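Visitor: The sequence shown begins at 1 in UniProt numbering and counts up by one. Glycine included, C-beta positions come from ideal geometry on N, C-alpha and C. Fair warning: this is a prediction, and the values are worked out from it, not measured in the lab.
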Amino acid sequence: MIRSLKKPLLRALSKMVVEGQQRIIPKGRTFSVQYSLPKLPVPALDQTLKKYLDSCRPLLTDDEYNTTLQVVNRFRLKEGPDLHKLLEERAQKEVNWLSEWWKYWAYLDARVSVLINVSPGIFLPRQNYRGLKEQLEFAAKFISGVLDYKTMLDAQTIPVDTLGGKPLCMSQHYQLLNACRIPGLKTDSHICVDPNEPSQPKHITVIYNNHLFSVNVFGDQGKPLSIAQLSSQLHNCVNLSKDAVAPVGILTTMDRTTWGQVYTDMIKDKTNKESLENIQGSIFVVCLDGPLPSQIGNPVDVAASMILHGGGSKAYSGNRWYDKTMQFIFNPDGFVGLNYEHTTAEGPAVIGLSDHVLDYTERNQDTGATTSNAKAPQLLHFNISGKTQEAIDKGSQEADVAANDVMLRGLFFKDYGKNFIKQQKLSPDAYIQMAFQLAYYRIYKEPCATYETGSLRRFQLGRTDTIRSCSIASLAFTKVMDDPSVPGAKKVDLLRQAIQSHRKYTDDTINGQGIDRHLLGLRLTALEKGKETPGIFNDPAFRKSTHYQISTSQVASKYKAFLCFGPVVPDGYGLCYNPQDDELIISISSFNSNSQTNSDTFSTSLLKSLQDMQKLLANHTQAKL
């Protein structure tokens, strides 16, 4: 059964019931502490407004700041208190006052294409296989690993994630599989197959050469097929995909309203409707690509680009189904990755799955069961009208433009990793963020608004808040780093102060005391109550401080993997990092269409910034916090 996850959000999660104040704690290990997690608090209004002003200060001139100070004080005295009270009332009634708002405001209501703008890619370590036969064998092993993870999810034996020794909400893990986004004319919806339903899906979607298949992955007794049988299923898909077909998957790259219009028209046809519902109800998608396009550049960068956006219609953007929450991508030259639709989960939950599967493939164990009754793959048919073909042609052109516009680079910085940073008694995350600030300042001679993802999973149904990395302290450091008149010891002191300031902001944010989601809550409260938008949200400082020219996230993995995404503004950079003990892995994206940004330039600046910061600390070890 396919069930909407709108209200309550946890309705489709296994053995979890939220009906008013009724709480049933599941017996499984995964949710053993779920309902002992606190509810997301609403920070004090004065505290949020003070932090907001502090975060704007390095971005504004004195005159601009004084104007913003007046705007904020008016809000503090006028609309703010009433909106804050209404938000507190909402927080009393909801399991999480933010989660539903965030799902719709950040994702389902957004009309932009999910390609590059919403759905991240994750580049996994290159595997030691080559050629189609070995590609299908590894893909089968990987599928078996995902099904092994699903078995643990269904049995609720996944260990509870922790952060700083504190347990985290596990709801996101249950919305990775059996899940799909559905296009709409004004807003999208999201569906998920209830893990507690007896009629669980037994199939995945496999795409090869733009052909879509429904592939059974479970045997007679309800156990996953063996790796050998899964491989055979994939070979059958390949053998049935010789003819050229319209790349229906390219439709999922279009803006959501256009795709919603095409979708509404397509499902009027019974065959189309059945095929689309089959994809939506599958466990996940497997994309079997051909060789990398012949492009000049580092193969890792090209492969990561294929994982992020498919390379356009002439490559593999049509060999995808971007509505599906989880897509696993395999190339015949050992390149492997995944792309995920972002509506219901953040990177750490996805990395938890991929780390488990890579562990599984390295163990090379086969937990599946051989069965004599493995159903043959079913080719999904589509009746393509002239109108739909026009949309496919238009979507292909748009995907080509979008893919060609992204400059994606993977930086594998091998001089040192988080061990060195910890030896300096510094936070690796804050240190890397200061390297980003320095790299940007060296190029542009000014600071910029910077977004870092802060997890709110210490709270029930927690998603994210913003860590504003550009601060008064970070600017003080970056301004003097290249000034020969400033003593090295002073530079170290300012660096440590900037790191300490960032660490404090991070701790506040992950403990529910951030400012951006609080401000969003006040803004959406005004909207819901039919009130005029408060002036604080129309102030140029608000627009400038939320125009994130650097958008960042730390997504750590035990493997040499990296998550990648596009910039969130036309003149920005997208940065994601995976700190290893002795190496820092960082993805860098920018838009070719913007003459002011360049991933290669930023990568060079970042490399030098990381090297210079190490030299600075090594030469002035006596400086302390």
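If we call anything under 7 Å between Cβ atoms a contact, is residue 517 one with residue 465?
Guide: By one-based count along the sequence shown, residue 517 stands at place 517. By one-based count along the sequence shown, residue 465 stands at place 465. Residue 517 is a Cβ neighbour of residue 465, given a cutoff of 7 Å.
Visitor: What does DSSP give as the partner residues of residue 326 in its beta bridges?
Guide: Stepping through the sequence shown from its first residue, residue 326 is reached at position 326. In DSSP, residue 326 forms a bridge with 340.
Visitor: Express the C-alpha separation of residue 197 and residue 575 in angstroms, rounding to a whole number.
Guide: Indexing the sequence shown from 1 puts residue 575 at position 575. Indexing the sequence shown from 1 puts residue 197 at position 197. One C-alpha to the other measures close to 39 Å.
Visitor: With DSSP collapsed to three states, give me the class of residue 179.
Guide: The residue given as residue 179 occupies position 179 in the sequence shown. It is a strand residue.
Visitor: Which residue's Cα is closest to the Cα of residue 577: 506, 164, 435?
Guide: Position 577 of the sequence shown, counted from the first residue, corresponds to residue 577. Nearest C-alpha to residue 577: 435.
Visitor: According to DSSP, is residue 189 helix, strand or coil?
Guide: The sequence position of residue 189 within the sequence shown is 189, counting from 1. Residue 189 falls in the strand class under three-state DSSP.
Visitor: With a threshold of 16 other CB atoms inside 10 Å of the CB of residue 268, please say whether the residue is buried or exposed.
Guide: Stepping through the sequence shown from its first residue, residue 268 is reached at position 268. It counts as exposed.
Visitor: Which residue marks the beginning of the alpha helix (DSSP H) containing residue 263, and which one marks its end?
Guide: Here the question's residue 263 lines up with position 263 in the sequence shown. Note, residue 263: alpha helix (DSSP H), 256–266.
Visitor: Give me whichever residues DSSP pairs with residue 576 in a beta bridge.
Guide: The residue given as residue 576 occupies position 576 in the sequence shown. Looking at the DSSP assignment, residue 576 forms a beta bridge with 553, 587.
Visitor: On the DSSP letters alone, give me the boundaries of the alpha helix (DSSP H) that residue 468 sits inside.
Guide: Mapped onto the sequence shown, residue 468 falls at position 468. Counting along the chain, residue 468 falls outside any alpha helix (DSSP H), though it belongs to the beta strand (DSSP E) covering 464–468.
Visitor: Should the region 226–241 be called in touch with the region 76–95, which here means at least 3 C-beta pairs below 8 Å?
Guide: no
Visitor: Going by DSSP, name the residue or residues bridged to residue 215.
Guide: Residue 215 sits at position 215 when you count from the first residue of the sequence shown. Beta-bridge pairing links residue 215 to 204.
Visitor: So, helix, strand or coil for residue 67, using DSSP?
Guide: For the purposes of this step, residue 67 is taken as residue 67 along the sequence shown, with counting starting at 1. Helix at residue 67.
Visitor: Is the Cβ-Cβ distance between residue 149 and residue 356 less than 7 Å?
Guide: As a first step, residue 149 must be located in the sequence shown, where it is residue number 149. As a first step, residue 356 must be located in the sequence shown, where it is residue number 356. For residue 149 and residue 356, yes; Cβs fall inside 7 Å.
Visitor: Rounded to whole angstroms, what is the Cα-Cα separation between residue 558 and residue 412?
Guide: Translated into the one-based positions of the sequence shown, residue 558 becomes position 558. Translated into the one-based positions of the sequence shown, residue 412 becomes position 412. Residue 558 and residue 412: Cα-Cα distance of roughly 15 Å.
Visitor: So, with DSSP's three-state summary, where would you put residue 434?
Guide: Residue 434 sits at position 434 when you count from the first residue of the sequence shown. Three-state DSSP puts residue 434 in a helix.
Visitor: Buried or exposed for residue 222, please, with buried defined as at least 16 other CB atoms from any protein chain shown within 10 angstroms of its CB.
Guide: Looking up residue 222 in the sequence shown gives position 222. So residue 222 counts as exposed.
Visitor: Measuring CA to CA, which of 384, 519, 337 is closest to residue 79?
Guide: Numbered from 1 along the sequence shown, position 79 holds the residue referred to as residue 79. Comparing Cα positions, the closest option is 519.
Visitor: For residue 321 and residue 270, I'd like the C-alpha separation in whole angstroms.
Guide: Working through the sequence shown from its first residue, we reach residue 321 at position 321. Working through the sequence shown from its first residue, we reach residue 270 at position 270. For residue 321 and residue 270, the distance between alpha carbons rounds to 20 Å.
Visitor: Pull up the CB-CB distance for residue 45 and residue 72, whole angstroms please, since I reckon it's below 8 Å.
Guide: In the sequence shown, residue 45 corresponds to position 45, counting from 1. In the sequence shown, residue 72 corresponds to position 72, counting from 1. 11 Å between Cβ atoms; not a contact.
Visitor: For residue 584, I'd like the list of residues in its chain whose CB is within less than 6 Å of its CB, leaving aside the five on either flank, ordered along the chain.
Guide: Residue mapping note: residue 584 aligns to position 584 of the sequence shown, counting from 1. The answer, listed in chain order, is 413, 417.
Visitor: Run the proximity test for residue 163: is its beta-carbon closer than 6 Å to any non-hydrogen atom belonging to the ligand SAM?
Guide: The ligand SAM is not part of the structure shown, which contains no ligands of any sort.
Visitor: What is the DSSP secondary structure of residue 524, reduced to helix, strand or coil?
Guide: For the purposes of this step, residue 524 is identified with residue 524 of the sequence shown, where counting begins at 1. Three-state DSSP puts residue 524 in a helix.
Visitor: Drop a sphere of 10 angstroms on the beta-carbon of residue 70, count the other beta-carbons inside from all chains shown, and report buried for 16 or more, exposed for fewer.
Guide: Translated into positions along the sequence shown, residue 70 becomes position 70. Exposed: under 16 other Cβ atoms inside 10 Å.
Visitor: Return the bridge partner residues of residue 124 from the DSSP annotation.
Guide: What you label residue 124 is simply residue 124 of the sequence shown in a count that begins at 1. 336, per the DSSP bridge assignment.
Visitor: Whose CA, out of 186, 56, 286, lies closest to the CA of residue 135?
Guide: Taking the first residue of the sequence shown as 1, we reach residue 135 at position 135. Taking only the C-alpha atoms, the option nearest residue 135 is 286.
Visitor: Is residue 545 near residue 98, with beta carbons less than 7 Å apart?
Guide: Mapped onto the sequence shown, residue 545 falls at position 545. Mapped onto the sequence shown, residue 98 falls at position 98. No, these two residues do not count as a Cβ contact at 7 Å.
Visitor: Cα separation between residue 531 and residue 174?
Guide: By one-based count along the sequence shown, residue 531 stands at place 531. By one-based count along the sequence shown, residue 174 stands at place 174. So the alpha carbons of these two residues sit roughly 37 Å apart.
Visitor: Sorted by chain position, which residues of the same chain lie with C-beta nearer than 8 Å to residue 419's C-beta, five sequence neighbours on each side aside?
Guide: As a working note, residue 419 is residue 419 in the sequence shown. Excluding residues within five positions, the ones whose Cβ falls inside 8 Å are 581, 582.
Visitor: Under a three-way DSSP split, which group does residue 407 fall into?
Guide: In the sequence shown, counting from the first residue as 1, residue 407 sits at position 407. In this structure, residue 407 counts as strand in the three-state DSSP scheme.
Visitor: Could you check whether the region 400–410 touches the region 546–557, counting it as contact only if at least three pairs of C-beta atoms, one from each stretch, sit closer than 8 Å?
Guide: no
Visitor: Can you tell me which of 193, 137, 34, 508 puts its alpha carbon nearest to the alpha carbon of residue 330?
Guide: Position 330 of the sequence shown, counting from 1, holds the residue named residue 330. The candidate whose alpha carbon is nearest that of residue 330 is 137.
Visitor: Name the residue from 38, 74, 55, 65 whose alpha carbon lies nearest to the alpha carbon of residue 536.
Guide: One-based indexing of the sequence shown puts residue 536 at position 536. Comparing Cα positions, the closest option is 74.
Visitor: Helix, strand or coil, according to DSSP, for residue 81 in the structure here?
Guide: Looking up residue 81 in the sequence shown gives position 81. Residue state, collapsed to three classes: helix.
Visitor: Measure the alpha-carbon distance for residue 123 versus residue 603 and round it to whole angstroms.
Guide: The residue labelled residue 123 in the question sits at position 123 within the sequence shown. The residue labelled residue 603 in the question sits at position 603 within the sequence shown. The straight-line gap from Cα to Cα measures roughly 18 Å.
Visitor: In angstroms, rounded to a whole number, what distance separates the CA positions of residue 432 and residue 609?
Guide: Taking the first residue of the sequence shown as position 1, residue 432 is located at position 432. Taking the first residue of the sequence shown as position 1, residue 609 is located at position 609. Rounded to whole angstroms, residue 432 to residue 609 spans 10 Å at the Cα level.
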